[in-house]
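Below you'll find the structure, written out as structure tokens, and then a few comments.
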Amino acid sequence: MTGTEERAVEAWLDFATSLRLNEGFYDEKYGVLLGALADLAEEWAELDQLPRSVVNVLVDIFPATESTASFYKRKTRQKITEAAFELHEVVQRCVAVREGT
285 MTGTEERAVE
295 AWLDFATSLR
305 LNEGFYDEKY
315 GVLLGALADL
325 AEEWAELDQL
335 PRSVVNVLVD
345 IFPATESTAS
355 FYKRKTRQKI
365 TEAAFELHEV
375 VQRCVAVREG
385 T
């Protein structure tokens with residue numbers, strides 16, 4: 285795993301663990317995750333093959349985030365749901381197929 289890939293996985297685990305343990309939605313952890321995924325998308329932009337170990341983590345980001353929303357009250361539940369959809373979009377950028385390939 286590259287350093288960027290490791291940072292993205294670690295940022296996801298840190299963010300997701302807080303949600304799963306019902307500790308709350310941490311904006312700072314979410315921002316770190318978004319930044320790490322953006323860096324990953326940039327690093328992977330020219331690759332034709334992606335590491336399965338990291339992609340395996342990415343495919344779980346939306347359902348794992350969205351499923352934790354039910355643990356929380358209305359305002360935080362909405363924030364988590366919105367974050368899940370935003371993360372889904374960022375993950376799509378990470379794995380997007382380049383035009384012409």
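Quick note, my numbering runs 284 ahead of the 1-based positions in the sequence shown.
Ideal Cβ placement from N, Cα and C applies to all residues, glycine included.
As the structure is a computational prediction, the values presented were derived from the model and not from experiment.
At which residues does the alpha helix (DSSP H) containing Arg-291 begin and terminate? Note, Arg-291: alpha helix (DSSP H), 287 to 304.
Measuring CA to CA, which of Val-338, Val-293, Phe-309, Leu-305 is closest to Gly-319? Ranked by Cα distance from Gly-319, the first of Val-338, Val-293, Phe-309, Leu-305 is Val-293.
So, with DSSP's three-state summary, where would you put Leu-331? Leu-331 falls in the coil class under three-state DSSP.
Looking only at its chain, what residues have a beta carbon closer than 7 Å to the beta carbon of Arg-377, apart from the 5 residues adjacent to it on each side? For Arg-377, where only same-chain residues beyond five positions count, the Cβ hits under 7 Å are Ala-325.
For Ala-295 and Val-379, I'd like the C-alpha separation in whole angstroms. Rounded to the nearest angstrom, the two C-alpha atoms are 18 Å apart.
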